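Chemist: In the UniProt record's numbering, the protein residues as written are 1 to 803.
Even glycine gets a Cβ: it sits at the ideal position worked out from N, Cα and C.
None of the values given here were measured: they were computed from a predicted structure.
Let me begin by handing over the structure; questions about it come next.
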């Protein structure tokens, strides 16, 4: 049946209802058809929900006009205008005064109080305590004290948050075994010391043990059961950031300021003042004052020494409380020991270990950079904080890339081969829980093993190749890395270009990871064929799996090889974890190994490597896969280690020579006669090598398609390359240069150049600063709220992707 269009009624596209005298329909955009009309209330509600100011279909921006009453006069009376202006001015002054008080409280009182209390406590004299009220009102060094106080408040706030989070970890993740002991256990069972897991019971537990009276505990448990969190939620006021900081117009924030100052003082007293003086007494008692003073970090080392001594005292007091059966005191001392233990281990893992790696990298590369230990000592004496921070940063970068390479190795090698290294992709991996549960001796052993592994890698990839380069290519080293060059135009932040341009570009190249993965797999196949370690390195081939399963743990096949299976016989929990891990590994590698389920048919003997992994991880091995042990297996492993050392040295030798040589040739053509920083030569050589390899791989993949296809592809890619070159020259060349020039003209030149002097512009320097400013502007634009610039850029990107 055909219906005339005149008989159709217009409806709202949101609520699907018709218009009414009190709710008329509007057509605020350029959409047509059945979605043309909409109610004003529906439109306003949808805009509040979607947080957009334009139509999502036609991209037309909505506009609203006020509708006045019919009896509205044509001109407002002067009295109404003046009263409205005065009321608005009064409201603005009131808000200005309130926000000024808020800013003065949070940015003035809190940091200044923290700084001057901290300085008063660490001055070491009684007169500083007496003059503290006058020091709080002093107007000297306000800016420096405020900045220093902000750092102190930030540290105490982070310490408070970490303490609360650690408490949640202990409560929800369960504390160590010695802390969670049953207070009603029989007296015959020995108490486990802090840091050691309790052993298994020597005999069966009695079935009818008399329980001591615990009425207080029963009442506490009953109170916990009767506690209703809903009532507390109803009674408590909703605390928002505006109310917490005082931005809602109320004066409740003054109470919050008082509590912040009080807690900050308490944290400084407990977590800084007491450990510092405990460490100072210990250092003076052991007569180590002169050695600590030479380190330039006397305060930090003294505080760490105080924490170590405090941990030892807590262990002693915990054992004493266990002997006299003070259960609550014992648990409190145990929690304090856990806090100190986690804090010290975090400092070692995050601070000390990267610092040692950075120092070892610097020591091994001294001859490569034409430097000596005396140069490093003079630099350390000149700026110890900056010097140590740079070494820590270099060590963190090294640890990060080493961990990334280990993750890549786990994708190639047999599951369980790298049992001695932590699996960061393991969903059950929780470093804080390991710090809580594992004893100190195990952490010390892990730290020493990590130092040996990382240090040996640096030795093989830096020190040995440098010695080979000096012997084989006498004139190649040292690298020219002097930042202060003869021409001011080359004064550019190398770290800026490295972090903002080079490293993000290399990390975004997904095929680089595939190339490296293919190279590692090819090397493993070659070494496996050479040493007959295919089963040990990559796992058994699918054709040999049935024969492998038939070989028992203590049986040998015809060629003398022995099957080594997973851990642990008779342990159901560990076996279940192994089954789950092996199923996950099978799903990830089903293209390479299709029949891994048959490997679990055999018995489960105890393996030494898997047992070590169980000791390191505190649980069963993760994803362990059985392998064949050929004859002379220890000698083959020794040969494998020699191959690894030789390969690392050869790879590092090539990486230190080939890119730099190519970069020097390119720079010699571009800048003849000029001495260029080796950073630019290495970057240019790396990009040249990458471009050559990329073209070679593309050519190899296109050869089977024929030359006609290759020529057509080249023609289309040439057009795309020309368009991309124009766009890149604007986005990465002109726009950053203009941004850098603008920043130079507005900020740098008025501060550095006097009025009677002529400023000099260094375009290379301005372009480098412009790259940073452009990235910051783009990041802020995309991270901020929805507005026209962000929506327009996202829309253009979407259209470009669709096109």
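Since residue 433 is in the alpha helix (DSSP H), which residue starts that stretch and which ends it?
Modeler: 431-437
Chemist: Hey, quick one: how far does the alpha helix (DSSP H) through residue 307 stretch, first residue to last?
Modeler: 298-323
Chemist: State the start and end residues of the unbroken beta strand (DSSP E) segment that holds residue 628.
Modeler: 627-629
Chemist: So, at 6 Å on beta carbons, what are the nonlocal neighbours of residue 208 in its own chain, with the 5 sequence-adjacent residues on each side left out?
Modeler: With a pLDDT of only 39 at residue 208, under 50, the local geometry of the prediction cannot be trusted, and the value read off the model is given with reservation. Result list for residue 208: empty, nothing under 6 Å.
Chemist: Name, in chain order, the residues that DSSP records as bridge partners for residue 11.
Modeler: 18
Chemist: I'd like to confirm the pairing. Which residues does DSSP put opposite residue 653 in its beta bridges?
Modeler: Answer by DSSP bridge pairing: none, since residue 653 is not bridged.
Chemist: Quick check: the segment 426-441 against the segment 384-395, are at least 3 beta-carbon pairs closer than 8 Å?
Modeler: no
Chemist: Below 7 Å CB to CB, which residues in the same chain sit around residue 275 once its five sequence neighbours on both sides are set aside?
Modeler: 303, 306, 307 and 310, listed in sequence order.
Chemist: According to DSSP, is residue 30 part of a helix, a strand, or is it coil?
Modeler: Judged by DSSP in its simplified three-state form, residue 30 adopts coil rather than helix or strand.
Chemist: Buried or exposed for residue 450, please, with buried defined as at least 16 other CB atoms from any protein chain shown within 10 angstroms of its CB.
Modeler: Buried.
Chemist: Which runs of the alpha helix (DSSP H) spanning at least 4 residues fall entirely within the segment 112-138, listed in chain order?
Modeler: List check, alpha helix (DSSP H) in window: 126-130 and 132-136.
Chemist: I'd like to confirm the pairing. Which residues does DSSP put opposite residue 868 in its beta bridges?
Modeler: Outside the displayed span of the chain (1 to 803) sits residue 868, for which this structure offers no information.
Chemist: Distance, Cα to Cα, residue 459 vs residue 476?
Modeler: Straight through space, the alpha carbons of residue 476 and residue 459 are spaced by roughly 20 Å.
Chemist: Three or more beta-carbon pairs under 8 Å between the segment 239-248 and the segment 259-274, yes or no?
Modeler: no
Chemist: Taking all protein chains shown into account, decide if residue 437 is buried (16 or more other Cβ within 10 angstroms of its Cβ) or exposed.
Modeler: When all chains shown are included, residue 437 counts as buried.
Chemist: Using CA atoms only, rank isn't needed, just tell me which of 44, 431, 441 and 413 is closest to residue 528.
Modeler: 413
Chemist: Among the residues of its own chain, which have a CB less than 7 Å from the CB of residue 662, if the five just before and after it don't count?
Modeler: 685, 688 and 689
Chemist: Whole angstroms is fine: what's the gap from residue 581's alpha carbon to residue 624's?
Modeler: Note that residue 581 scores a pLDDT of 41, beneath 50, so its modelled location is shaky and nothing firm can be said.
Chemist: Which residues in the same chain have their Cβ closer than 7 Å to the Cβ of residue 409, if we skip the five residues on either side of it in sequence?
Modeler: 418 and 520
Chemist: Could you please give the first and the last residue of the uninterrupted alpha helix (DSSP H) stretch that includes residue 387?
Modeler: 384-412
Chemist: Quick one: residues in its chain with C-beta nearer than 6 Å to the C-beta of residue 354, no 5 flanking neighbours on either side, listed in chain order?
Modeler: 392, 395, 396 and 399
Chemist: By the 10 Å Cβ neighbour count, where 16 or more other Cβ atoms means buried, how is residue 12 classified, buried or exposed?
Modeler: So residue 12 ends up on the buried side.
Chemist: Which residue from 515, 770, 389 and 40 puts its Cα closest to that of residue 696?
Modeler: 515
Chemist: Residue 253 lies in the alpha helix (DSSP H); which residues open and close that run?
Modeler: 253-268
Chemist: By Cβ distance below 6 Å, which residues in the same chain neighbour residue 406 in space, the five residues on each side in sequence not counted?
Modeler: 421
Chemist: Put residue 337 into one of helix, strand or coil per three-state DSSP.
Modeler: helix
Chemist: Short of 6 Å in beta carbon distance, which residues of its chain neighbour residue 536, apart from the five on each side in sequence? Order them along the chain.
Modeler: 627
Chemist: Buried or exposed, going by whether 16 or more other CB atoms sit within 10 Å of the CB of residue 642?
Modeler: exposed
Chemist: Output yes or no for whether 8 Å exceeds the beta carbon distance between residue 481 and residue 677.
Modeler: In contact: residue 481 and residue 677 (Cβ atoms closer than 8 Å).
Chemist: Going straight from the alpha carbon of residue 366 to that of residue 373, what length do you get?
Modeler: 8 Å
Chemist: Between which two residues does the alpha helix (DSSP H) containing residue 682 stretch?
Modeler: 678-702
Chemist: Can you tell me whether residue 343 is buried or exposed, with buried defined as 16 or more other CB within 10 angstroms of its CB?
Modeler: buried
Chemist: Who are the Cβ neighbours of residue 463 in its own chain at under 7 Å, not counting the five residues just before and after it?
Modeler: 364
Chemist: Just the C-alpha distance for residue 439 and residue 345, rounded to the nearest angstrom, thanks.
Modeler: 11 Å
Chemist: Since I believe residue 110 is in contact with residue 260 (beta carbons under 8 Å), could you give me their beta-carbon distance rounded to a whole number of angstroms?
Modeler: 6 Å
Chemist: DSSP state of residue 54, grouped into three classes?
Modeler: strand
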